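First the structure, in the form of structure tokens, and then the observations on it.
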Amino acid sequence: MACCLGAVVFADSRAATTPTDPAPTNLIAERAASAERQPASRATERAPAPTTPPPTPSATPTATPTTRPTVARTKVAKVKKKPTRPVPVAGLTQAQMDNAHTIVQVGLKMDIPRRGLVVAIATAMQESNLYNLASGVLPESLDYPNQGVGYDHDSVGLFQQRPSSGWGTVADLMRPAYAAEQFYAALLQIPGWQDMSITGAAQAVQISAFPDAYAQHEDRATTVVGALV
């Protein structure tokens, strides 16, 4: 810009010395101002600096499906659940088998030997056919859960135990677990019961009018105990 201004001043000075073209005194100043407003000769027309275009909004990115590793499936052996109720054997009904199960479970909790379990089952088979019986002589017994009615004096329950003989209250004896516990407790009081026959051990507890009747149930009682133990 300085060189341009110098050229303007030089031209003005020549004009000032020419007598035929007098210039106004302020001409130099006006031309200098005009030149100052002109772009420098070396300044080329510059394009505006490129601006980075704003990023184009993209669609919502979709998740690229990933291939999951294939896992070999191994077959898991199905464990058969033990039935909650014992399966009847020896020709028993489900109700009879349930009662037998109760008798055996009580015996196991009392650490009664296997032979004692057979004695108990054979006794209940003879006395009540393995049903929890109320007594027609004791109307009170009918107020408790029962599976039939017997008429052998005031005998009640699986073992046909008599409240009048001191086995317990009607309410207690109508509970199969209690009746079984009382039977085992009496059996343990018999000296040498394990060396007796099944019918002999049962008779020692029950004092029945038919002492040999229990023998007929020994085989079935053994089968039932075998299925429950």
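Under full-length UniProt numbering, the residues of the sequence shown are numbered 1 to 229, in order.
For every residue, glycine included, the Cβ atom is placed at its ideal position computed from N, Cα and C.
Note that the structure is predicted; figures quoted are calculated from it, not measured.
For Val156, the secondary structure class from DSSP, reduced to helix, strand or coil, is strand. Contact check for Ala120 against Met174 fails: the beta carbons are separated by 8 Å or more.
Taken in chain order, the complete alpha helix (DSSP H) segments of 4 residues or longer contained in the region 176-201 are 176-187. Annotation for Ser164: Asp154 place their beta carbon closer than 7 Å to its own, counting only its chain and skipping 5 residues before and after. Sequence-distant Cβ neighbours of Phe183 in its own chain, meaning closer than 6 Å and more than five residues away, are Ala120 and Phe159. When the Cα atoms are used, Thr169 and Pro191 turn out to be separated by approximately 27 Å. By the 16-neighbour rule on beta-carbons within 10 angstroms, Leu188 is exposed. Relative to Gln216, the option among Ile103, Met97, Gly91 and Ala122 whose CA is nearest is Ala122. Using a Cβ-Cβ distance cut-off of 8 Å, the region 86-102 and the region 220-227 are in contact, since at least three pairs of beta carbons, one from each stretch, lie closer than that value.
A straight line joining the alpha-carbon of Gly157 with that of Leu228 spans about 21 Å.
Closest in alpha carbon position to Pro113, among Asp212, Phe210, Trp193 and Ile207, is Trp193. For Gln161, the pairing in a beta bridge is given by DSSP as Val156. The C-alpha of Glu140 is placed about 12 Å away from the C-alpha of Asn146.
Judged by DSSP in its simplified three-state form, Leu130 adopts coil rather than helix or strand. Per the DSSP secondary-structure output, Ser135 pairs in a beta bridge with Leu138 and Gly150. It is roughly 26 Å from the alpha-carbon of Tyr151 to the alpha-carbon of Ile198. Counting along the chain, Met97 sits inside the alpha helix (DSSP H) bounded by residues Gln94 to Lys109.
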